[in-house]
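Here the structure comes first, spelled out in structure tokens, and everything after it is commentary.
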Amino acid sequence: MRIALGETKKVAVPADAVMDIRVPADWGQAANELRCTVVDSSGRNEDLRSSDVKKTESVNGKDWMTVWTFSAAPIGDVTVGCKDPESKIAAAHPDAFVRVVPRGVLPVPAQR
0 MRIALGETKK VAVPADAVMD IRVPADWGQA ANELRCTVVD SSGRNEDLRS
50 SDVKKTESVN GKDWMTVWTF SAAPIGDVTV GCKDPESKIA AAHPDAFVRV
100 VPRGVLPVPA QR
């Protein structure tokens, strides 16, 4: 799911997944200025986790960096939004957006 900076979107949370909020790796240190929120359907804020070492992954020839990770109950949607309070990213990247992607979706074991 693509979400433009300053906007919010509902994101479905699959079962057995952790969700990553990723940004283009070329944002570099400016990505640390992002302020993101994740709110579940009852209005409760989800805890965002970050690490000093940002994981980078190549998708379709472009490098993406994970800046936040969260988990939520797979009972519907969460609303995700990220802001650039200092406008550092928007100034250098006019078409700025983040991606919210599931990680670690486990296959359902076969029933016997």
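Number 39 in numbering that gives the first Met the number 0 belongs to position 40 of the sequence shown; there are no gaps in the numbering. Glycine residues also receive a C-beta, built at the ideal position from the N, C-alpha and C atoms.
In its chain, beyond the 5 residues on either side, 45, 69, 77 and 79 have a beta carbon closer than 6 Å to the beta carbon of residue 37. The alpha helix (DSSP H) runs of length 4 or more contained entirely in the region 50-102 are, from start to end of the chain, 87-91. Annotation for residue 13: no beta strand (DSSP E) segment contains it, and DSSP assigns it neither H nor E.
Taking C-beta atoms under 8 Å as the contact rule, residue 63 and residue 49 fail to qualify, at a distance of about 15 Å. Of the candidates 95, 21 and 13, 21 places its Cα closest to the Cα of residue 56. Linking residue 7 to residue 35 through their CA atoms gives a straight-line distance of about 10 Å. Scanning its chain for C-beta atoms nearer than 7 Å, with the 5 sequence neighbours on each side dropped, one finds around residue 30 the residues 22, 64 and 66, in chain order. Of 95, 100, 75 and 96, the smallest CA-CA separation from residue 11 is found for 75. For residue 44, the pairing in a beta bridge is given by DSSP as 38. Exclusion of the five residues before and after residue 100 leaves 19 as the residues of its chain whose Cβ lies within less than 6 Å of its Cβ.
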